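Structure record follows, encoded as structure tokens.
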Amino acid sequence: MKLHINGKEMEVGRELAEKRLVEFLREDLGLTGAKNACDIGACGACTILIDNEPLKICMKRVKDAEGRRVLTIEGMAAPDGTLHPLQQAFVESGAIQCGFCTPGMVLTAHALLLRNPLATREEIRKAINGNLCRCTGYQQIIDAIQKAAFHYQRQPCEQKHEIAAAAN
Amino acid sequence: MTKLESKGWRNDAYAKVTGKAKYTDDLKFSNLLHAAPVYSDFVHAKIESIITEDAENYSGVVRVLTARDVPGANHCGQIVQDYRIFADDKIRYHGDVVAMVVAESRDIAIRASRLVRVEATPLPAVLDPEQAMEPNTVLVHTNHGSNILNTHRIRRGNVEQGFREAAFIIEEKFQTQFVEHAYMEPEVAVCVPRADGVIEVYGSMQHPFSTRRFTSACLGVALSEIEVVGVPMGGGFGGKDDTAAIVCARTALAAKLLNRPVKMMYRREWSIRESYKRHPYRIYYKMGVTREGKITAMQCRIIADAGAYCSVTPWVTWRSTVQCCGPYQVENAQCDTYGVYTNNVVTGAMRGFGSPQMNFAMEQMVEIAAGKAGLSGIEFRRRNMVRQGSLTITGQRLDGHKVAMEQVLEAVLGEMDYEAKLTRCSFGKSDSNELYGIGLAMSYRGVSLGAEGVDFCAAIINAQADGSILLETGIHENGQGAESALLLICARELGVDISRIRYRRASTSNIPDSGTTVASRGTIMGGGAVTLAAQELKHKIAGALCEKLQCRAEDVRFKDNCILGKTDREKISFDDAMQAMFQSQRFPYAFGVFKAPRVTWDEHTGQGNAYFTWVYGCQAVELTVNKKTGKVKLLNAAAAHDVGKAIHPEMVKGQFFGGMAMGTGFGLHEEIKLKDGKITNLNFNTYRIPRAVDLPEMKAILIENPDPISPSGAKSIGEPANEIMAPAIANAIYHATGQRHFSLPIRVAGAAEEAPEEVCGP
Chain D
395 MKLHINGKEM EVGRELAEKR LVEFLREDLG LTGAKNACDI GACGACTILI DNEPLKICMK
455 RVKDAEGRRV LTIEGMAAPD GTLHPLQQAF VESGAIQCGF CTPGMVLTAH ALLLRNPLAT
515 REEIRKAING NLCRCTGYQQ IIDAIQKAAF HYQRQPCEQK HEIAAAAN
Chain H
12 MTKLESKGWR NDAYAKVTGK AKYTDDLKFS NLLHAAPVYS DFVHAKIESI ITEDAENYSG
72 VVRVLTARDV PGANHCGQIV QDYRIFADDK IRYHGDVVAM VVAESRDIAI RASRLVRVEA
132 TPLPAVLDPE QAMEPNTVLV HTNHGSNILN THRIRRGNVE QGFREAAFII EEKFQTQFVE
192 HAYMEPEVAV CVPRADGVIE VYGSMQHPFS TRRFTSACLG VALSEIEVVG VPMGGGFGGK
252 DDTAAIVCAR TALAAKLLNR PVKMMYRREW SIRESYKRHP YRIYYKMGVT REGKITAMQC
312 RIIADAGAYC SVTPWVTWRS TVQCCGPYQV ENAQCDTYGV YTNNVVTGAM RGFGSPQMNF
372 AMEQMVEIAA GKAGLSGIEF RRRNMVRQGS LTITGQRLDG HKVAMEQVLE AVLGEMDYEA
432 KLTRCSFGKS DSNELYGIGL AMSYRGVSLG AEGVDFCAAI INAQADGSIL LETGIHENGQ
492 GAESALLLIC ARELGVDISR IRYRRASTSN IPDSGTTVAS RGTIMGGGAV TLAAQELKHK
552 IAGALCEKLQ CRAEDVRFKD NCILGKTDRE KISFDDAMQA MFQSQRFPYA FGVFKAPRVT
612 WDEHTGQGNA YFTWVYGCQA VELTVNKKTG KVKLLNAAAA HDVGKAIHPE MVKGQFFGGM
672 AMGTGFGLHE EIKLKDGKIT NLNFNTYRIP RAVDLPEMKA ILIENPDPIS PSGAKSIGEP
732 ANEIMAPAIA NAIYHATGQR HFSLPIRVAG AAEEAPEEVC GP
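These protein sequences, in sequence, are chains D and H.
Here the numbering used here runs 394 ahead of the position in the first sequence, where the first position is 1.
Here the numbering used here runs 11 ahead of the position in the second sequence, where the first position is 1.
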């Protein structure tokens, strides 16, 4: 089975096909940014991007990612550790408290801004509606996403190139 | 401001936004065993036997533990030791744990947990707190002699006289619901036996020191035999105290007995089933008011459902009692408060700690009274609210700090253009389908623990020979940013860049027990200790270097990473200064202790200086109510709180918004539902916390009146922000519909119950 995870291609055995995708990422690859919090796809803490669409993976299997481009929170920053502008905006806006929802929230926002860099606050609210946060009241998260949107608007070509580079 | 202090900086932000932060379940250990709790389906029953053989024989199971295996105390608790590590004599609620299966994998532990059988004789379940108080009701705890767990009272002035002087008497009953904390990270613990015999505890808990107490008592070992280590934690909100500590204690027990690392990671359903909730209250109010709109007397009866065990019910209900009349001057006040055992889910600490329930009721009472007196709610509040030098209902004079009630009220009225909007409210009449309303609520709140308990906190600043600094305190990082706030206080006090300072990994073996990181006390108590430690360190450095700086020790200044004499010409860099300290055999090390000023309390009269200082807040909200469906839509909200001093404004705002969101859930969405003592909504598809579309744009107004009693000037914000949103919503709904709502969550007539969320398919 071929998997593309955070820009790296890897071959994994068929015996892993039925393993829960979230456990595969966390246990086999050490990518613990996706969290277990409800196990029924109701909270969004396990969200990753598959082909740039957010997916809650606590009930998905490894085979669901076969041949598709997977982006986890660990793949967002540059290889030298420089934060992606969206991550930087989360930090600067005070959008992070306990941080448990943060990986899923950042990835859901990333998918939205790739699709719609002109998203209004109302559209942002709708996009992140499946990602629960108990700490922030979402206000500064929405501020952060709006702040970062500028980057997606300004450099659509470069941005797409970056994402393509990360995922291929 | 240094570069790193820029907006939003936190010491853990990079780790959290990159997914690198390692929470308890993310840590790796070799040779790890996994544990799972076992529940029974009883609500109240006498245990006859717990049959574990089938589970023990299941392939991969290492051991099944029950109360018999506890070498130390099986009973624990912060006030009354009635909480069980494992149920022994009886099952007292549906979340009681009878056994724990330890296995080679979590799946095996969970599968085998279903094979444990409990034989028990059912007893009548006590599910209504007022019935529980009746003399002939079955007792939840026979040895307590009554289902009334605790009482508090206030006797001030003469309420009979006060009611005689009143032109109007208002009597109302209010009711609130069970509420789940809904921290995103469920309870989890990993316990690791060390070669020297010490058990290390990694866990999601907001009280490392009480976790250590619970664990050492359960294992029957000294406090020094347990080391609780701080790891990033996915939210607490008051909810990761008793239950989280017991999860750690059980896991530690398995690690000790089996001499292997053990992890117990809770499923959400276990977490909601077992963990304590916010107390449901029944509140009976009687208020006397003169024709001029002056409150003459208040009588209050509060019944709090404590559920099956004590937890911190006596402390929660004490705060409710002290604050039962809201921020108003009432010369004649009487209050009788009861915490009552039932067989419902345990209740305990949750953000607000007994105030959100009271404010929901009281802030509607004042508006009802205003209506009777023909005054606006604002004018009525102004005629009765506390001001500089006022006496509270417990006889405490509010002075020594700025009483900012008027200031926060003015700020919100101005921000919202409140009084103009009030005239546009629908009061049930509208040409369109949407009814419009605006409403507000205000409160005052005693800071920190008050007469609930011992209140002091330690900090250690340990500067190194190269000028770098290590800070640690007895305050725990729950996700709120405590470490970052304390680092900022330290950097500012020492006049150095924050990049020099690292927060040392917290451990109960490093620093004295400084109490719980609860009661919105982290910044005021921890910040006080850091400030005092920094002052002590500066004193040591000044004494050592003043000669070199050609001035007296008291003239030495700390600024811009330098230590300066009388003028800027006499100057030593902080790096060189620390090296000089070491060369002259002086450690640049300081230990600071902030002790809360004395508080007093007379349990018989309910009089005393209950808290050493107070904070003041006001919140308002605009909304519409759909005439046909009853659906409430929030349009806009604003809050003003006196925080003393905002150490980190962006994080303070985060506390405002998060508190307002949680208050919105309390007001409109959330309710743990019990059927015959069993919770029916055990996950986020059926227990609905506010989502992004449920919330309005929110505005935070930071009022700063540094408190002379607080060494850093800071006071509190975590809980104040959470305690007045529900009554603001209730008042706005009244202004929209003309209908009062006396119970929570508010369901406007016509509104369908919120449907379960759709979840993604398998």
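Glycine is no exception: its CB is placed at the ideal position from the N, C-alpha and C atoms.
Model, not experiment: these values are computed from the prediction.
Check: Just curious, the beta strand (DSSP E) that F185 (chain H) is in, first and last residue?; Outcome: F179 to Q186
Check: At least one CB of chain D closer than 8 Å to the CB of Y34 (chain H): is that the case?; Outcome: yes
Check: Between the Cα of F467 (chain H) and those of H:Y698, H:I486, H:F53 and H:T332, spot the shortest distance and give me the residue it belongs to.; Outcome: H:I486
Check: Where does H155 (chain H) fall in DSSP's three states?; Outcome: helix
Check: Return yes when the Cβ of D653 (chain H) is within less than 8 Å of the Cβ of V419 (chain H), no when it is not.; Outcome: yes
Check: Enumerate in chain order the residues of its own chain whose CB-to-CB distance from N742 (chain H) is below 6 Å, with the five nearest sequence positions on each side excluded.; Outcome: E378 and G450
Check: What residues are listed by DSSP as bridge partners for Y339 (chain H)?; Outcome: H:M396
Check: Assess contact between the region 471 to 487 of chain D and the region 408 to 418 of chain D, defined as three or more Cβ pairs (one per stretch) separated by less than 8 Å. Is contact present?; Outcome: no
Check: Is the region 527 to 537 of chain H in contact with the region 584 to 601 of chain H, if contact means three or more CB pairs nearer than 8 Å?; Outcome: no
Check: So who's on the other strand from Q630 (chain H), going by DSSP bridges?; Outcome: H:A452 and H:A650
Check: Could you tell me whether any Cβ in chain H is nearer than 8 Å to the Cβ of F418 (chain D)?; Outcome: no
Check: Between T348 (chain H) and chain D, is any beta-carbon pair separated by less than 8 Å?; Outcome: no
Check: Determine which residues share a DSSP beta bridge with I690 (chain H) and list them.; Outcome: H:L685
Check: Across which residues does DSSP place K402 (chain D) in a beta bridge pair?; Outcome: D:I399
Check: So what's T635 (chain H) in DSSP terms, helix, strand or just coil?; Outcome: strand
Check: Nearest to Y514 (chain H) by alpha carbon, out of H:A496, H:T527, H:I728 and H:Y194?; Outcome: H:A496
Check: Helix, strand or coil for C436 (chain H), going by three-state DSSP, please let me know.; Outcome: coil
Check: Return the chain-ordered list of same chain residues with a C-beta closer than 8 Å to the C-beta of Q142 (chain H), the five sequence neighbours on each side being excluded.; Outcome: T148
Check: Which residues bound the alpha helix (DSSP H) around S124 (chain H)?; Outcome: R117 to S124
Check: So what does DSSP say about Y11 (chain H), is it helix, strand or coil?; Outcome: With chain H running from 12 to 773 in the structure shown, residue 11 (chain H) is simply not present.
Check: Note down the Cα distance separating S518 (chain H) from C562 (chain H), rounded to an integer number of angstroms.; Outcome: 40 Å
Check: Please give the ranges of any alpha helix (DSSP H) in the region 70 to 147 of chain H, keeping only runs that are unbroken, at least 4 residues long and fully inside the region.; Outcome: 117 to 124 and 140 to 143
Check: Under a three-way DSSP split, which group does W612 (chain H) fall into?; Outcome: coil
Check: DSSP on K18 (chain H), reduced to helix/strand/coil?; Outcome: coil
Check: Just how far apart, CA to CA, sit S60 (chain H) and R74 (chain H)?; Outcome: 17 Å
Check: Could you have a look at K577 (chain H) and say whether DSSP puts it in helix, strand or coil?; Outcome: coil
Check: Given D100 (chain H), which residues of its chain have a CB within under 6 Å of its CB, disregarding the five upstream and five downstream residues?; Outcome: none
Check: Assuming N489 (chain H) and G669 (chain H) make a contact with CB atoms under 8 Å, what is their CB distance in whole Å?; Outcome: No, N489 (chain H) and G669 (chain H) are not in contact; Cβ-Cβ is about 12 Å, not under 8 Å.
Check: Classify K413 (chain H) as buried or exposed, calling it buried when 16 or more other Cβ atoms lie within 10 Å of its own Cβ.; Outcome: buried
Check: Got a sec, what are the start and stop residues for the alpha helix (DSSP H) N696 (chain H) sits in?; Outcome: Where N696 (chain H) is concerned, there is no enclosing alpha helix (DSSP H), given that its DSSP letter is neither H nor E.
Check: Quick check on the burial criterion: 16 or more other C-beta atoms within 10 angstroms. Buried or exposed for K402 (chain D)?; Outcome: exposed
Check: Going by Cα to Cα distance, which pick from H:Y622, H:E303 and H:T527 is closest to D410 (chain H)?; Outcome: H:Y622
Check: Should the region 62 to 73 of chain H be regarded as contacting the region 194 to 211 of chain H, the criterion being three or more beta carbon pairs within less than 8 Å?; Outcome: no
Check: Given A649 (chain H), which residues of its chain have a CB within under 6 Å of its CB, disregarding the five upstream and five downstream residues?; Outcome: V423, E426, M427, A631 and K710
Check: List, in order along the chain, the chain H residues whose C-beta lies closer than 7 Å to that of T530 (chain D)?; Outcome: G665, F668 and G669
Check: Skipping 5 residues on each side, what residues in its chain have a beta carbon closer than 6 Å to that of Y745 (chain H)?; Outcome: R751
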